[in-house]
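Q: Counting in UniProt numbering, the sequence shown tops out at residue 1149, every number present.
Built from N, CA and C at the ideal position, the CB exists for glycine as well.
Please read these numbers as outputs of a predicted model, since none were measured by experiment.
Once you've had a glance at the structure underneath, I'll fire off some questions.
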Amino acid sequence: MAAQAAGVCRQRAAAEGLGSYQNAVKCLGQDFEVLRRQCLDSGVLFKDPEFPACPSALGYKELGPGSPQTQGIVWKRPTELCPSPQFIVGGATRTDVRQGDLGDCWLLAAIASLTLNEKLLSRVVPGNQSFQENYAGIFHFQFWQYGEWVEVVVDDRLPTKDGELLFLHSAEGSEFWSALLEKAYAKLNGSYEALAGGSTVEGFEDFTGGISESYDLRKPPANLYRLIRKALRAGSLLGCSIDVSSAAETEAFTHQKLVKSHAYSVTGVEEVDFSGRLEQLIRLRNPWGQVEWTGAWSDEAPEWSRIDPRQREELDQKAEDGEFWMSFSDFLVQFSRLEICNLSPDSLSSEEAHKWSLVLFHGRWARGATAGGCQNYPATYWTNPQFKIHLGEADEDQEEGVGEPCCTALLGLMQKDRRRRRRLGQGLLSIGFAIYQLAGHTDSHLGRDFFCGHQPAARSDTYVNLREVWGRVQLPPGEYLVVPSTFEPFKDGDFCLRVFSEQKARALEIGAVVAGNPHELHPVEVDPGDQELRRLCEELSGKGSEIGANELKRVLNVMFSRRTDIKFAGFSIYTCREMISLLDSTGTGTLGPVELRTLWLKVQKYLEIFQELDPGRLGTVDTHDMRLALGRAGFSLNNQVQQTIATRYTGHALSIDFDSFVACMVRLESLFKLFRVLDRNRTGVVQLSLPEKLPEAAVFWRGRLRPVETSPLRGGLEDLRTCADPGVPEHGFRAPSGGVFFEDSVTRFHCQDGFKLKGSIKRLCVKYPNGTLGWVPSDGPVCMKEECRMPQVEDAEIHNKTYRYGDKLIIACHEGFTIRYPDLYNVASRCRDDGTWDNLPTCQGCLRPLAAANGYVNMSEFQTSFPVGTVIAYHCFPGFKPQGPQFLECLHSLTWSSSPPRCLALEVCPLPPMVSHGDFVCHPRPCERYNHGTVVEFYCDPGYSLTSDYKYITCQYGEWFPSYQVYCIKSEQTWPGMHETLLTTWKIVAFTATSVLLLLLLVVLARMFQTKFKASFPPRGLPRSSSSDPDFVVVDGVPVLLPSYDEAVSGGTSALGPGFLAAVVLVDDQSPPAYPGDTDMGTGDSSEACDSASGPSELLQSLYPPPPSQVRACPTPEDPNPVAGTLDTASTSPGINIADEIPLMEDGA
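And the structure:
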């Protein structure tokens, strides 16, 4: 109820001129002249209680209380920063605007453009403000906000760090108008952090009240240069920017030093004679005050030497001030978007500027009532607010190429207060509008059928989450319907709709008329045969007696409990009281039999309407269908009433049950009935005094509240009661400082520097039940000596016993952390008179290192600083390998021992080929990823066998080798017959006999060959003239007799000497295939391999033994140094030693 009353008051005040530039709205009720006079009278500099110099004014998240970015910030007045501060030095110029540590370049670009128009600047920055004459530490500025001008008051305490302004500042160190303007705009939006990120047109509109247009420079109009020149001459504000494709490119530099996603101001255009042709130039400014364009026509570019020297001297300013020239063709290539704020707004389509006609609407999207979403939601789209505009006269000067007469209109849809709501997590909504042509005259809210059968004649480009969307349209004369909406339904938000037209247009809000004509029922219409209702009433109250609210509740609930066509839990006592209030003609709070039967028929009528809108018999009606239900009941309500109904009667599921539905209908009918009785002359206006209003309100609210007893008011000034003077606390002051305090008066209390207010900052004059006036709270506040709170320093301990003004902070950092003071030349922090700590230190360790992509590190996600000596370990996820050191140590220099490693992806193979009637296993197991070196072994289901002997494939550099498809085929098992068995046995016997005969033949031939050569050649290794002296060798100091040649030949293998072991060659033909390109089939030399396959057989070795000097003993299993790779060449098929590639697990491991 208070919100609706405040809205009515604002509408009445606006009708009387409040909100114009000459009569601006006082933000938060603060009057600049009154407050400054109070400060001058008391000799105390102003401290703004509505925007105090504390962390909450800085922000709520990145700049919120306790944020590392706010450490060391000190609020200081300009008189503390320089000996002779000035408000404006030599007039406001573009160089007075330099960006600080806040991402509000969009605002600074708008301020820089504002300085080009002295008249506009004087609106926003009123004159007669200085740090010398009438200085009281208070300043004021004016901003346009959603159709009205608002005056904002601030004190001059500004956030600083290391003695320098933290945010916006001037190139002149002693000039402060721009910094104070930024603070006033931050107060208007809730905090400094709320200004981070935005569009330049938002600042343009808030400084001028104009409407903005935006142009995509990738598709510029042909006459864009002429439009820019005309806009600058008309005093319009212009800005431009470069779009980015990702957040990583934000404020990145191009190779010619342009800053992406950064707002530039357009400050001028000029045409010059360059090498015999006309060159179009445009001048831009970077709000940083530095970093300029380095391409053609930059400060040091050679193009300046080829134009007229006088023109060059006039245009070329070689200074690093952020302002530069560039060719218009380069401007179209380098920049993405141009934004123009029309001040008048003037038409930029013709050379002659003229005023536009303006119509302004305020509206609201309310969840469940008027927030229907876009055309994608036809069930709710029709519930959005609707506005009708009448374009009667065509433009005087038609655009070229337009045949039929048209009316030009510029529409702007702006959502309100979304920047202030950021701290609540409510960002900008995606908004847009559509325009429909109306064939006939209508002032009623159009329903769903109209929008299903009509397409928009024009619409905004797209739904986008900007503060304002706009559209320039040219339409034939006629009537049009404008529907503003959010993209999704059920989104709450306030908006204003501005319609500018070149010719005067009429406009109104559809459905703004409130009317009610419910059907009046009479007893003769009631069915006298309804015996059940009569019997229940007689049981409860006796025959012919009247019933009250409790009896009515029981009667109605019994009647509805027997119905099966509605899901209903029964009426509440409050609804029953309102039913009685509607039909109680005697004022007794009861209903007689006739009134009861009339009520029953009304309830039946409401039930019929309810069930029409509840076809599924769920027992509820959607809130957005209430407009239809109210229309069928005879009510026509505007959007404000619809929103109030949705707020009061809707549940969380945006639905209304039958109890709330009846209560709403009964209350509306009571209201209209009461109004008709009081409006005897049918003027539509009823005037009531307070004694008349209170009883009527008690009747209307009888279901909820008890009637309030009133007594007649007596006239005369002597009967006006006031509250006593609230007093002024010692070492403090109050506002207002004097005067008479009537009921509802408010006083505010403040303390002088060095003192802190204890108690309520406000006191309210209220009326007690006995009729007297008094202050709430009853006890006034006191001003106590300022004390600082114990600071919260992370990783440190505070050992102070007191925290009074001037106390030094006693702090000790935890082990491994080092104390750091913002002022390197002052290693102390003291409590200041404003309750804050000066030069507050921090305890620093190594900053949190970056996390490795595709990996993890053993540290808490909440820890931001690490003590000296901390060692952290990086690990990579499966399938990735680390590149760089895995362990980092925090050094005494508060840096890490090295940069974090990177996790590089291994070459992983795809899923192995699937085998029908089979599967595979991996080595090693389990197979989470098929990394390089993984071996897959295929096998078949029982009854199936592989078609190939190869059953292994290997992952090699991301591919499987060998690359072939494995198949399992069904095994054919047959039992051989007797004949086949005998034949197979005969073949085996014949093969064995043949082999034995061939072996005997070879032995005989060898013997014959040996005997023949024995006579012709002496034994190798023995001289032909050898004597019969026996040969011997010394082994371990013992002489050993060597056998003769004959003894060696006749002795067979025994002549080789004891300890000779023959090696046995084992070959596994089922080894898995080798890696491609692997030619290392054995590293040992064949001449050195014992018992290699180079000799024909062991039999030949026994027949022809080598000389003693060449005989080598084969390694035994106990030999610790076996010869590697001796038998790799024995296999004729590709092989791989699986034991070298697969770590097999032993049994019992």
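Which residues in the same chain have their Cβ closer than 6 Å to the Cβ of residue 552, if we skip the five residues on either side of it in sequence?
A: The residues are 576.
Q: Could you tell me which residues DSSP puts in a beta bridge with residue 365?
A: Its beta-bridge partners are 493.
Q: List, from N- to C-terminal side, the beta strand (DSSP E) runs of 3 residues or more that fit wholly inside the stretch 43–126.
A: Correct list: 74–76.
Q: Rounded to whole angstroms, what's the CA-CA distance from residue 1009 to residue 991? Just pull it up for me.
A: Going from the Cα of residue 1009 to the Cα of residue 991 covers about 27 Å.
Q: Spatial neighbours of residue 621 within its chain, please: CB distance less than 7 Å, with the 5 preceding and 5 following residues excluded, ordered by chain position.
A: Contacts found: 610, 613, 614, 629, 655, 656, 661.
Q: Where does the unbroken beta strand (DSSP E) through residue 684 begin, and where does it stop?
A: Element bounds for residue 684: n/a, residue is neither H nor E.
Q: Looking only at DSSP bridge pairs, what is residue 432 linked to?
A: Answer is 485.
Q: Buried or exposed for residue 240, going by 16 or more other Cβ atoms inside 10 Å?
A: With 16 or more Cβ atoms within 10 Å of its Cβ, residue 240 is classed as buried.
Q: Using the DSSP secondary-structure output, state which residues sit across from residue 414 in a beta bridge.
A: Bridge partners of residue 414: 468, 496.
Q: Quick check on the DSSP output: what are the complete beta strand (DSSP E) runs of length 3 or more inside the UniProt domain "Sushi" (721–785), in order along the chain?
A: DSSP runs (the beta strand (DSSP E)) wholly in the UniProt domain "Sushi" (721–785): 732–735, 746–751, 755–758, 762–767, 773–776, 782–785.
Q: Which stretch, first to last residue, makes up the beta strand (DSSP E) that contains residue 282?
A: From DSSP, the beta strand (DSSP E) with residue 282 extends over 277–285.
Q: Distance, Cα to Cα, residue 390 vs residue 222?
A: So the two alpha carbons sit approximately 31 Å from each other.
Q: Of the residues 381, 163, 409, which one's Cα is nearest the Cα of residue 449?
A: With distances taken between Cα atoms, residue 449 lies closest to 381.
Q: Taking 8 Å as the cut-off, does the stretch 364–374 touch the stretch 493–501 (at least 3 CB pairs, one atom from each stretch)?
A: A contact exists between the stretch 493–501 and the stretch 364–374.
Q: Would you check if the distance between the CB atom of residue 905 and the CB atom of residue 886 is smaller than 7 Å?
A: It is not a contact, given that the beta carbons lie outside the stated cut-off.
Q: Hey, quick one: how far does the beta strand (DSSP E) through residue 811 stretch, first residue to last?
A: Start and end: 811–813.
Q: For residue 19, which of helix, strand or coil comes out of DSSP?
A: Here residue 19 sits in coil by DSSP.
Q: Please return the same chain residues whose Cβ sits closer than 6 Å to the Cβ of residue 649, not counting the five positions on each side in sequence.
A: 656, 660, 664, listed in sequence order.
Q: Tell me, please, which residues DSSP counts as bridged to residue 159.
A: Beta-bridge pairing links residue 159 to 75.
Q: Just checking my contact of residue 877 with residue 845 at CB under 8 Å: how many whole Å lie between their CB atoms?
A: No, residue 877 and residue 845 are not in contact; Cβ-Cβ is about 28 Å, not under 8 Å.
Q: Go ahead and label residue 302 buried or exposed: buried means 16 or more other beta carbons lie within 10 angstroms of its beta carbon, across all protein chains shown.
A: Per the 10 Å Cβ criterion, exposed.
Q: Sort out for me which residues DSSP pairs residue 636 with in a bridge.
A: 515, per the DSSP bridge assignment.
Q: The alpha helix (DSSP H) that contains residue 185, what's its start and end?
A: Segment 177–189, the alpha helix (DSSP H) holding residue 185.
Q: Residue 557 lies in the beta strand (DSSP E); which residues open and close that run?
A: Where residue 557 is concerned, there is no enclosing beta strand (DSSP E), although the alpha helix (DSSP H) it sits in stretches over 549–561.
Q: Please look up how many angstroms separate the CB atoms of residue 451 and residue 374, rounded, as I've assumed it's under 8 Å.
A: About 11 Å separates the two Cβ atoms, so there is no contact after all.
Q: Along the chain, where does the alpha helix (DSSP H) that runs through residue 579 open and close?
A: Its alpha helix (DSSP H) spans residues 573–583.
Q: Suppose only complete runs of 3+ residues qualify. What are the beta strand (DSSP E) ranges in the UniProt domain "Sushi" (844–905), listed by chain order?
A: Entirely contained in the UniProt domain "Sushi" (844–905), the beta strand (DSSP E) runs reaching 3 residues are, in chain order, 855–857, 871–876, 880–883, 887–889, 902–905.
Q: Measuring straight from C-alpha to C-alpha, what distance separates residue 587 and residue 725?
A: Between residue 587 and residue 725, the C-alpha separation is close to 45 Å.
Q: Short of 6 Å in beta carbon distance, which residues of its chain neighbour residue 76, apart from the five on each side in sequence? Order them along the chain.
A: For residue 76, where only same-chain residues beyond five positions count, the Cβ hits under 6 Å are 160.
Q: Out of curiosity, what's the CA-to-CA distance linking residue 941 and residue 970?
A: So the alpha carbons of these two residues sit roughly 9 Å apart.
Q: Would you report the Cα separation of residue 805 and residue 759, rounded to the nearest angstrom?
A: The straight-line gap from Cα to Cα measures roughly 20 Å.
Q: For the candidate residues 357, 319, 96, 688, whose alpha-carbon lies nearest to that of residue 181?
A: Among 357, 319, 96, 688, the Cα nearest to that of residue 181 is on 96.
Q: Note down, in chain order, each residue of its chain lying with its Cβ closer than 8 Å to the Cβ of residue 902, except the 5 sequence neighbours on either side.
A: Counting only Cβ-Cβ distances below 8 Å, and skipping sequence neighbours, we find 852, 853, 882, 883, 884.
Q: Could you name the residues of the same chain whose beta carbon sits closer than 8 Å to that of residue 162, not counting the 5 residues immediately before and after it, in chain order?
A: The residues are 72, 822, 823.
Q: May I ask which residues mark the beginning and end of the alpha helix (DSSP H) holding residue 142?
A: Element bounds for residue 142: not the alpha helix (DSSP H) but the beta strand (DSSP E), 138–145.
Q: Could you tell me if residue 1023 is buried or exposed, where buried requires 16 or more neighbouring beta carbons within 10 angstroms of its beta carbon?
A: Note that residue 1023 scores 47 on pLDDT, short of 50, meaning its location in the model is unreliable and no value can be drawn from it.
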